[in-house]
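Accompanying notes for the structure given below.
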Amino acid sequence: MSEPAVDSTASAHFTVAPSDLASALDLEPADAFPPVFATSRMVALMEIAAARVLRPHLREGEASVGVSLEVVHSAATPPGATVTGSARFVGREGKLFLFEVTASDDAGEIGRGTHKRAIVTVERLTGGAARRGAKA
Numbered sequence: 003m004s005e006p007a008v009d010s011t012a013s014a015h016f017t018v019a020p021s022d023l024a025s026a027l028d029l030e031p032a033d034a035f036p037p038v039f040a041t042s043r044m045v046a047l048m049e050i051a052a053a054r055v056l057r058p059h060l061r062e063g064e065a066s067v068g069v070s071l072e073v074v075h076s077a078a079t080p081p082g083a084t085v086t087g088s089a090r091f092v093g094r095e096g097k098l099f100l101f102e103v104t105a106s107d108d109a110g111e112i113g114r115g116t117h118k119r120a121i122v123t124v125e126r127l128t129g130g131a132a133r134r135g136a137k138a
């Protein structure tokens with residue numbers, strides 16, 4: 003596998019829909035979250051951006067997967083706003099690829115953090131998931 007150059011970047015963006023709101027995460031009535039962009043969706047957007055940095059460097063049958071993420075969600079975003087997640091490759095820590103990630107909406111930054119990804123074979127990953135499912 004080749005490796006991205008330090009400072010390589012990628013981004014991903016979308017318009018915040020009702021399914022992207024924290025209020026969509028309510029599993030039962032007592033789980034009352036506000037109708038603003040959910041932190042979990044911000045994290046997903048950051049992960050997608052980081053995965054896009056690695057995508058050109060993957061071999062057939064490989065994928066990058068998130069291993070850890072430490073973020074601060076610093077501002078609320080309303081439905082209908084455009085949100086952009088960005089990732090910058092900062093180097094390696096053993097087998098892990100390290101990224102600085104940010105998210106912003108039309109008014110500015112809404113979050114930032116650090117993210118680590120690993121390269122795995124899809125077959126090994128899905129095989130491991132299947133074995134865990136068989137134990138349930």
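Residue numbers (my numbering): 3 to 138.
We put the CB at the ideal spot given by N, CA and C, even for glycine.
Just so we're clear, the structure is a prediction, and the values are computed from it rather than from any experiment.
Output the distance between the C-alpha atoms of glutamate 30 and glutamate 64, rounded to the nearest integer angstrom.
Rounded to whole angstroms, glutamate 30 to glutamate 64 spans 38 Å at the Cα level.
Mind checking whether leucine 71 and valine 45 have CB atoms under 8 Å apart?
Yes, they are a contact pair.
What does the alpha-carbon distance come out to for the pair histidine 75 and glycine 96?
When rounded, the distance between both Cα atoms is 28 Å.
Among Glu49, Asp22 and Thr17, the one whose alpha carbon lies nearest that of arginine 114:
It is Glu49 whose Cα lies nearest to the Cα of arginine 114.
To the nearest angstrom, report how far apart leucine 60 and histidine 15 are at their CA atoms.
Whole-angstrom Cα-Cα distance: 22 Å.
Can the beta-carbon of alanine 83 be found closer than 8 Å to that of valine 103?
At the C-beta level, alanine 83 and valine 103 stay beyond 8 Å of one another.
Same chain, Cβ closer than 6 Å to alanine 67, five either side skipped, listed in chain order:
The question names alanine, but residue 67 in the sequence shown is valine. Short of 6 Å from the beta carbon of valine 67, and not among the five residues preceding or following it, lie these beta carbons of its own chain, in chain order: Ala120 and Val122.
Output the boundary residues of the alpha helix (DSSP H) element that contains valine 74.
In the DSSP assignment, valine 74 falls outside any alpha helix (DSSP H) and within the unbroken beta strand (DSSP E) covering 64 to 75.
Using a Cβ-Cβ cut-off of 7 Å (strictly less than) and excluding sequence neighbours within five positions of arginine 94, which residues of its own chain qualify?
Result list for arginine 94: Leu100, in chain order.
Between which residues of its own chain and alanine 78 is the CB-CB distance below 6 Å, once the five residues before and five after are set aside?
Contacts found: Val38.
For glycine 110, which residues in the same chain have their Cβ closer than 8 Å to its Cβ, ignoring the five residues on either side in sequence?
Answer for glycine 110: Ala77, listed in chain order.
Mapping the DSSP letters down to three states, classify lysine 97 as helix, strand or coil.
In the structure shown, lysine 97 sits in coil (DSSP, three-state: anything other than H, G, I, E or B).
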